Amino acid sequence: MAIRLEALKVRFRDPAGREVPVLDVPELTIEDGRRLCLVGGSGSGKTTLLHVLAGIVTPTEGRVLHGDVDLAALPEAERDRFRAEHVGYVFQTFNLLQSLSALENVALAGRFGGQRRADALARAQALLKRVDLAHRMDARPGTLSVGEQQRVGIARALMNRPGVVLADEPTANLDEARSEEVLALLEEVVAEEAATLVLVTHEREVQARFDDVVALKEISA
Amino acid sequence: MTLWELILRQIRQRSLSSTLTALSVALGVMLVSAILLLQDQMERHFREPGEGYSIVVGAPGSALQLVLNAVYHMDKSPGLMPLRVWPELEANDSVALAVPYALGDAFRGYRVVATTDALFDARFPHPAGEGEEKLLEGRPFAFDREALFEQLEALGARAIAEEAEEAHEGERDAHEEVAHDEDAGEARDEPAAGGEHVDEDVHEHEDEHEEHDEHAGEARDEPAAGGEHGDEDEHEHEHEDVHGGEHGQVVREAVLGYDVAASLGVAVGSEIEPTHGVEGGTVHEHEHLWTVVGILKPTGTPVDRVVFINLDSFFSIEDHAAGALLPGTDEAGLSSVLVFPRGGVHKAILLGSLNRRPELQVADVSEQLRNLFTIVGSVDVLFLVVAILVVILGILSMLVALYNTMNERRREVAILRALGARRRDVFGAIVGEAALLTALGAAAGLLLGHLLVLAARGYIAEVAGFAPEPFAFLPIEAAVLTLVVLGGALAGLVPAWKAYRTDVAAHLKPLS
Numbered sequence: 001m002a003i004r005l006e007a008l009k010v011r012f013r014d015p016a017g018r019e020v021p022v023l024d025v026p027e028l029t030i031e032d033g034r035r036l037c038l039v040g041g042s043g044s045g046k047t048t049l050l051h052v053l054a055g056i057v058t059p060t061e062g063r064v065l066h067g068d069v070d071l072a073a074l075p076e077a078e079r080d081r082f083r084a085e086h087v088g089y090v091f092q093t094f095n096l097l098q099s100l101s102a103l104e105n106v107a108l109a110g111r112f113g114g115q116r117r118a119d120a121l122a123r124a125q126a127l128l129k130r131v132d133l134a135h136r137m138d139a140r141p142g143t144l145s146v147g148e149q150q151r152v153g154i155a156r157a158l159m160n161r162p163g164v165v166l167a168d169e170p171t172a173n174l175d176e177a178r179s180e181e182v183l184a185l186l187e188e189v190v191a192e193e194a195a196t197l198v199l200v201t202h203e204r205e206v207q208a209r210f211d212d213v214v215a216l217k218e219i220s221a
Numbered sequence: 001m002t003l004w005e006l007i008l009r010q011i012r013q014r015s016l017s018s019t020l021t022a023l024s025v026a027l028g029v030m031l032v033s034a035i036l037l038l039q040d041q042m043e044r045h046f047r048e049p050g051e052g053y054s055i056v057v058g059a060p061g062s063a064l065q066l067v068l069n070a071v072y073h074m075d076k077s078p079g080l081m082p083l084r085v086w087p088e089l090e091a092n093d094s095v096a097l098a099v100p101y102a103l104g105d106a107f108r109g110y111r112v113v114a115t116t117d118a119l120f121d122a123r124f125p126h127p128a129g130e131g132e133e134k135l136l137e138g139r140p141f142a143f144d145r146e147a148l149f150e151q152l153e154a155l156g157a158r159a160i161a162e163e164a165e166e167a168h169e170g171e172r173d174a175h176e177e178v179a180h181d182e183d184a185g186e187a188r189d190e191p192a193a194g195g196e197h198v199d200e201d202v203h204e205h206e207d208e209h210e211e212h213d214e215h216a217g218e219a220r221d222e223p224a225a226g227g228e229h230g231d232e233d234e235h236e237h238e239h240e241d242v243h244g245g246e247h248g249q250v251v252r253e254a255v256l257g258y259d260v261a262a263s264l265g266v267a268v269g270s271e272i273e274p275t276h277g278v279e280g281g282t283v284h285e286h287e288h289l290w291t292v293v294g295i296l297k298p299t300g301t302p303v304d305r306v307v308f309i310n311l312d313s314f315f316s317i318e319d320h321a322a323g324a325l326l327p328g329t330d331e332a333g334l335s336s337v338l339v340f341p342r343g344g345v346h347k348a349i350l351l352g353s354l355n356r357r358p359e360l361q362v363a364d365v366s367e368q369l370r371n372l373f374t375i376v377g378s379v380d381v382l383f384l385v386v387a388i389l390v391v392i393l394g395i396l397s398m399l400v401a402l403y404n405t406m407n408e409r410r411r412e413v414a415i416l417r418a419l420g421a422r423r424r425d426v427f428g429a430i431v432g433e434a435a436l437l438t439a440l441g442a443a444a445g446l447l448l449g450h451l452l453v454l455a456a457r458g459y460i461a462e463v464a465g466f467a468p469e470p471f472a473f474l475p476i477e478a479a480v481l482t483l484v485v486l487g488g489a490l491a492g493l494v495p496a497w498k499a500y501r502t503d504v505a506a507h508l509k510p511l512s
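Protein chains in written order, with the working numbering: chain A, 1 to 221; chain B, 1 to 512.
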């Protein structure tokens, strides 16, 4: 699914009630199936841009087009549904629900995406096998290594066969060996699912693996 | 994995706080349930057995006590009333049926009531039917009115006996209006006052109760006999055979309430020997046996726990006969008379005329029950209010517990939202969690309430005279359950609103 950002501006209100600009992207196009790396210093708005692409944050101005759908123009409930069905999200700190097993964490995303229970469980099992966690399906996140947790996170992001996968510094919490392993896995499975990948990182080695790299600059107020 | 499954997991993950929260709701619901159950059963216990009874006449004292004693076979009798009132009432145009009661004896802990064959009249409410229709087996006991008045005559109250007999046989036609009853009563007082006096030294009243011995009479499978004359009014008598050698001619027969026969295993044809003392106490056994001739059908009322004997046989026992005189007089006495008026205005007429007689206490059964329910109801309402406050406190503690966990759960909410959960989903999940916790607490509370009644059953039976059915389910309990769950869901709105407003982006940030 191609993504196009037009005249995108995001401003937040500070505690004093003043509007603070955090993101300004005049134009950005990500072709369907491409892999884009977002880089930039702290406060440059990398994570905010991912949130905008996921429909978690609504831009103050501009359009966020996923194919023909302008996410910025959708009501919140529609954005939530779009995110569940078309966007996969991989977090830096995994963000797995501690009360659920690895399998349940993955399957839960399928339920939000409208999958039936049996279908969601079957898909979750297949994905966990794909990320080499067939033997850890019933394990709680607290008993998994950080590498395993991120693999569960990747499987969860792919649960609804999303058109786009957003990864926010997915290897930042991993050592070098694990980082390489997880990154390779992420690239493989995203390619298998024919999804577009947008990844935020500050690691140069990671940037080198990507077709396109976009650098965001901090906006001065 | 649905949101509901997720809620269950969350509850399980915080099992200790979830259990404590549900328990705080359960305690309140337990109290509400137990109070409602006891309230309902107490009302049933008193209302249903009281149905069909109308007026009770007895000695001056408490009208409620009179009703409890005569209808519910509880409490002490207020004392003795003039026996002559009974035939007067029988002769009264407004009276359909008058049933005299003489109490005081017991058989293995069950009260013995001496009465007439009016017990088997269709108008006597429990059990329903007439004559043998009231009986599970056997036949009604024999009652010999002439023998009764002979006993009374032999007792020394001859003039009274004659007067009473005349009242029964001849005066009904002479009564044109109820006012005549009073005149007739006054007229009868005169001969009574001038009648033969039984030596008062023979009767010596004591207010102390006789010692109880519930097992008295067991030795023979026998009924134990006593009466107000034996236990409640407590007369100790020097034994004097007031009937000379005629005791043997009196037929002594008993008809047992269903529970008496069932629990003691006494069958028709058995002989029983009652002892003095209404509550199973005894001064001594009478050494007279009554033959069980019938067993009443079960009624679910206190009648099931009574041994009925023929009134003439009661007065054939010298202790009873001697104690059957009103203190300081030569008037024969009874414990009470159950009066069943004719329809229409007759009850009001009777109440009006009987209330003007200072020697009697007249109790309108339905009015006394209303008074009783008003008194008991006020206490119940107080208990219920306290119990409801405990429920509210439980729900509030759940609100506080959920609200306090919301800070740490906002990250979970943000994750769910990032996965595609809508605001209303997470709002519903929190409200659902609150409702589920209260539902679990309320359900446990209902169960505990019934178990509490089960545990207190013996004590209640001892104190209140009835054993509540602990597992009777009241429709109002479903309403309580619903209201408590709604209250819990309502309380869940506060933390749910907090979840609803969660800033997803802010709470997805990596933890430091």
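All C-beta atoms in this analysis are idealised placements derived from N, C-alpha and C, irrespective of residue type, glycine included. Quantities reported herein were computed from a predicted structural model and do not represent experimental measurements.
Under DSSP, the beta strand (DSSP E) around residue i begins and ends at which residues?
i, result
"D105(B)", "V95 to F107"
"G40(A)", "R35 to G40"
"E554(B)", "This structure gives no information on residue 554(B), because the portion of chain B shown stretches from 1 to 512."
"I295(B)", "W290 to L296"
"V200(A)", "T196 to V200"
"S336(B)", "S336 to P341"
"A128(B)", "Unbroken run through A128(B): none, as it is neither H nor E."
"A363(B)", "Q361 to D364"
Which two residues bound the contiguous alpha helix (DSSP H) that contains residue i?
i, result
"Q207(A)", "R204 to Q207"
"R111(B)", "Run containing R111(B): none in the alpha helix (DSSP H); it sits in the beta strand (DSSP E), Y110 to T115."
"S313(B)", "L311 to F314"
"S179(A)", "E176 to E192"
"G153(A)", "V146 to A157"
"V250(B)", "It is not in any alpha helix (DSSP H) - V250(B) carries neither H nor E in the DSSP assignment."
"I317(B)", "Here I317(B) belongs to no alpha helix (DSSP H), and DSSP marks it neither H nor E."
Taking buried to mean at least 16 other C-beta atoms within 10 Å of its own C-beta, is residue i buried or exposed?
i, result
"T374(B)", "exposed"
"W290(B)", "buried"
"D175(A)", "exposed"
"N355(B)", "exposed"
"L389(B)", "exposed"
"W86(B)", "buried"
"L508(B)", "buried"
"D14(A)", "exposed"
"V463(B)", "exposed"
Classify residue i as helix, strand or coil using the three-state DSSP reduction.
i, result
"P15(A)", "coil"
"R371(B)", "Here residue 371(B) is Asn; the residue named in the question, Arg, does not match the sequence. Of the three classes helix, strand and coil, the one that applies to N371(B) here is helix, per DSSP."
"F466(B)", "coil"
"G50(B)", "helix"
"T275(B)", "strand"
"K46(A)", "helix"
"I219(A)", "coil"
"K129(A)", "helix"
"A472(B)", "coil"
"M42(B)", "helix"
"A122(B)", "coil"
"V381(B)", "helix"
"G138(B)", "strand"
"F112(A)", "helix"
"E90(B)", "helix"
"T482(B)", "helix"
"M1(A)", "coil"
"P170(A)", "coil"
Would you mind giving the Cβ-Cβ distance between residue i and residue j, rounded to the nearest angstrom? I have them listed as a contact below 8 Å.
i, j, result
"Y53(B)", "L338(B)", "6 Å"
"G394(B)", "L27(B)", "7 Å"
"L197(A)", "R35(A)", "4 Å"
"V99(B)", "L119(B)", "6 Å"
"V255(B)", "F141(B)", "5 Å"
"G293(B)", "G138(B)", "It is Val, not Gly, that sits at residue 293(B) in the sequence shown. Contact holds; Cβ gap of about 5 Å."
"L8(A)", "V57(A)", "About 11 Å separates the two Cβ atoms, so there is no contact after all."
"A106(B)", "L80(B)", "Between L80(B) and A106(B) the Cβ distance is about 18 Å, and since that is not below 8 Å, they are no contact."
"E477(B)", "L446(B)", "6 Å"
* To do: Can you check the segment 51 to 109 of chain A for any beta strand (DSSP E) of at least 3 residues that lies completely inside it and give the ranges in chain order?
  => 61 to 66 and 87 to 90
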